Amino acid sequence: MALRTATLLLMLAASTLALGLELTPAELAGKRLFREGLSSSDAQVSARVGAADMLVPASVVPCASCHGADGLGRAEGGVRPPVLSWQRLVVGQGLRQINGRSYPAYTEASLARAIQEGRDPAGNRLDPIMPRFVLSTADQRNLTAYLKRLADDRDPGLEEHTLRLGTLLPAEGALAASARVVAAVLDDRIAQLNQQGGIHGRQLQLINVDPGPDAASAERALTQLLEQEQVFALISPLAPALDPVLAQRLEQARVPLIGAAPTLSRSPQIFDPLPGLDDQLLSLADYAQGALTLQQVDTRIVYAEPAQLSLAQQLEQQLQRRGWSKVKAEPLSEQAPDAQAVFFLGQAEAFSRLTDQLQQSQRAPYLFATASQVSSQLPWVPEAWSRRVFLAYPFVPGDWTAAGREALSEMRARQGLDGRQGVLQVGAWCAVQLLGDALKQVGRDASREKLIQALESLHDVQTGLTPPLNFGPGRRQGLAGAHVVTVEMPGPVFYPVAVYRPVAEGGTP
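So for the sequence shown, our numbering puts the first residue at 498; every next one is plus one.
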């Protein structure tokens, strides 16, 4: 009978995990307090820290900041916080021995004393590094209720045999062709992983939602992925309309993104294998300064969309710190810029418009842009810019290993792709590799927080298609610079003029 009961309980537990954990309002309030240090009443929660009992907001030192969102604890500063599993805390009868200290199993009352007074069930003082929280009775009750469910609380999108990923790829509009390329690469790479058995016994499932034509539709699509589809992470979206809000939305939802659009602002949730537009443009600037000595000529940073104003101003400040004395950011208008050097921010159609304006005004300044934005218009660039157009490439064929080249060719053959949109192909390819490498490192007991920690720990990642990728606690882009390539017309014919090397904040490396 006992065996039958135990089997039934195990079956019920497995069923609960498969269906996903549903938390009560009290448990949800406790989860917020555990992860964010915020009360369900929105009242200020405080904590005493250190031997001096200094009072600080609990949001500065929430439980999850040391114990982790999963309660398993992580070593930091030579200290490893204990596992906060209710089953572990209350197991056993009588005295327990841990670290040479004896104490009874925890009860709800003794747990409250540990949280609020920093004493274990035997009255021993806990390590003073642990904050002592000032909680109302309701807050303590909610926190205890959540701790009882913590071991079973899994992040959305993580199921027994499936891990759900999401992306945003438009079916129509200017980015539709690029979206089809990204979708083909993601589908192929994920299929290859699944054919190899998935990641720790889980098959990866990709859910693609069309972001639509504008910011409102894109936000609805993102909400669908986060709240209805409940994806575990996002991968390689193409939804520039979300750029102003995506980082904030991901941080609020604690959802990681791998393979970011290059115009996104920095965020702890976002990891990109390739460099952002800012670093690519700075690589161009360093070449223009070192090889072409352009820092004292009239220079314009022309941006095609209002959303690019912030990046244009950031580049302007960076160039000024590098000694560019006559640089100015301005929007693309009907008048051709009157300058000897032009840095361009925008898509291919706007770049074509810029070169038409310059040709009509009989001006031929040096032009600097990223290949990912303008490469599709290069065959129509007027001959006047032969060897006067310089492009930033995160990688060049010289970076490819024989194995990387072969694997990319096989993928292209399976998906009917050619060499066009190569930056998008390699970016999506590397995003899946980073996700797979990090998930394998995390292990079967995965979480979003663990995934972010694993991504941070990736160093010298050999993709076979790029320079080695490196990340870290303060570094979210695998590359921090670009190769510089000039274009000869007619053709176009490409000639590398500067190899990849990381750019420095205040000047050339």
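Where a beta carbon is used, it is the ideal one built from N, C-alpha and C, also for glycine.
Computed from a predicted structure; not experimentally measured.
A straight line joining the alpha-carbon of residue 934 with that of residue 620 spans about 45 angstroms.
In this chain, the alpha helix (DSSP H) harbouring residue 744 covers 743 to 750.
In the three-state reduction of the DSSP assignment, residue 545 falls in the strand class, which pools E and B. In the DSSP assignment, residue 995 falls within the unbroken beta strand (DSSP E) covering 990 to 995.
In this chain, the alpha helix (DSSP H) harbouring residue 720 covers 712 to 720. Judged by beta-carbon spacing, residue 808 lies within the 9 angstroms limit of residue 775, meaning their Cβ atoms are closer than that value.
Contact check for residue 662 and residue 732: beta-carbon distance about 5 angstroms, within the 8 angstroms limit, so the pair qualifies. Secondary structure note for residue 732: it is in no alpha helix (DSSP H), and the uninterrupted beta strand (DSSP E) holding it is 730 to 732. No Cβ-Cβ contact shorter than 9 angstroms links residue 829 with residue 868. Around residue 727, the same chain offers 653 and 654 as residues with beta carbons nearer than 6 angstroms, after the five sequence neighbours per side are excluded. In the three-state DSSP reduction, residue 896 falls in the helix class (H, G or I). The C-alpha of residue 871 lies about 11 angstroms from the C-alpha of residue 886. About 7 angstroms separates the beta carbons of residue 735 and residue 665, which is inside the 8 angstroms limit, making them a contact pair. Taking a contact as a CB-CB distance under 8 angstroms, the pair residue 548 and residue 629 does not count as one, their CB atoms being some 11 angstroms apart. In the three-state reduction of the DSSP assignment, residue 884 falls in the coil class. In its chain, beyond the 5 residues on either side, 710 have a beta carbon closer than 7 angstroms to the beta carbon of residue 670. Residue 884 sits close to residue 984, with the two beta carbons spaced by under 9 angstroms. Annotation for residue 861: 855, 881, 882 and 885 place their beta carbon closer than 8 angstroms to its own, counting only its chain and skipping 5 residues before and after. Scanning 551, 577 and 536 for the CA closest to the CA of residue 559 turns up 536. Judged by their CB atoms, residue 952 and residue 687 are not nearer to each other than the 9 angstroms cut-off. Within a 10 Å sphere around the beta-carbon of residue 551 sit fewer than 16 other beta-carbons, which makes this residue exposed. Distance from the CA of residue 857 to the CA of residue 767, rounded to the nearest whole angstrom, comes to 42 angstroms. Residue 978 places its beta carbon 9 angstroms or farther from that of residue 992.
Nearest to residue 957 by C-alpha distance, out of 744, 770 and 563, is 770. Ranking 764, 922, 602 and 788 by CA distance to the CA of residue 949 puts 764 first.
Between residue 841 and residue 570, the alpha-carbon positions lie close to 47 angstroms from each other. CA-CA distance, residue 863 to residue 752, rounds to 41 angstroms. When the alpha-carbon of residue 989 is set against those of 873, 553 and 637, the nearest one is in 873.
The shortest C-alpha to C-alpha distance from residue 832 to any of 919, 521, 813 and 853 is the one to 853. Annotation: residue 564 is outside any beta strand (DSSP E); the continuous alpha helix (DSSP H) that includes it extends over 560 to 564.
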